[in-house]
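In my numbering, the protein residues as written are -10 to 202.
Report on the structure given below.
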């Protein structure tokens, strides 16, 4: 995703991988089509990765622009038609994906990522490796989709958008303010917990309980 001038595409094809090279910039698409003309392993697609379905592939590889990091990650988690994704992300954003409950980096994206994938940091990339040089370093993360509890994905998305907008408040107050409180929720999670201390599994349990109300 975001094939650019095709440097990574070339390396993957050299190793025998069939590559779908997705690029939204039409000028770069022409460069890519010229570069890989006659190469049966490379299929250049001019499209916005955020609007096209994730194809059924073994792997997804991308050096993700910061501006679309959240949207692309959520799309990949929502459409798990691949075995593994290897993404280069700005360091600060990548650390949010693996953050633990109760930490400063922990938030909505942490919960959804950890519920619906096995996520780990597998490498780092200096800002000096890029041109033009960004202001921050990057980390490489690997995602392997989890298939359990998929039927509650939208519920989790909606709930986390609500409660993590006030992540430091107690859950009960946030739920009441959003019109979501019910005495039936008392036995599901500790409603006196602050939102940012909820584990991903507790958030899932709450989303399931809300659906059943």
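From the three backbone atoms N, C-alpha and C, an ideal C-beta is built for every residue, glycine too.
All figures in this text were calculated on a predicted structure; none of them were measured in a lab.
Inter-residue spacing [alpha-carbon to alpha-carbon] between residue i and residue j
i, j, result
"residue 100", "residue 107", "12 angstroms"
"residue 170", "residue 163", "9 angstroms"
"residue 48", "residue 7", "10 angstroms"
"residue 61", "residue 39", "6 angstroms"
"residue 11", "residue 89", "33 angstroms"
"residue -1", "residue 31", "9 angstroms"
"residue 193", "residue 148", "9 angstroms"
"residue 45", "residue -4", "23 angstroms"
Span of the alpha helix (DSSP H), counted from its first residue to its last, around residue i
i, result
"residue 192", "189 to 201"
"residue 88", "Premise fails: residue 88 is in no alpha helix (DSSP H) and is neither H nor E."
Which listed residue (the options) has its alpha carbon closest to that of residue i
i, options, result
"residue 109", "87, 121, 21", "87"
"residue 28", "78, 41, 15, 9", "9"
"residue 63", "80, 43, 72", "43"
"residue 22", "50, -7, 152, 45", "-7"
"residue 142", "195, 18, 184", "195"
"residue 92", "184, 173, 139", "184"
"residue 78", "-10, 200, 174", "-10"
Boundaries (first-last residue) of the beta strand (DSSP E) holding residue i
i, result
"residue 99", "That residue, residue 99, is in no beta strand (DSSP E); its alpha helix (DSSP H) goes 97 to 105."
"residue 12", "8 to 12"
Cutoff 9 angstroms: residue i Cβ touching any chain C Cβ
i, result
"residue 118", "Included in the structure is just one protein chain, with no chain C present."
Three-pair Cβ contact test at 8 angstroms for the region 151 to 171 versus the region 116 to 131: No, the region 151 to 171 does not touch the region 116 to 131.
The region 131 to 138 touching the region 174 to 190, judged by at least three CB pairs closer than 8 angstroms: For the pair of segments examined, the region 131 to 138 was found not to touch the region 174 to 190: the number of CB pairs separated by less than 8 angstroms stays below three.
Residue ranges of each beta strand (DSSP E) within the region 28 to 81, 3 or longer: 31 to 35, 46 to 52, 71 to 79
Complete runs of the beta strand (DSSP E) confined to the region 117 to 172 [at least 3 residues]: 127 to 134
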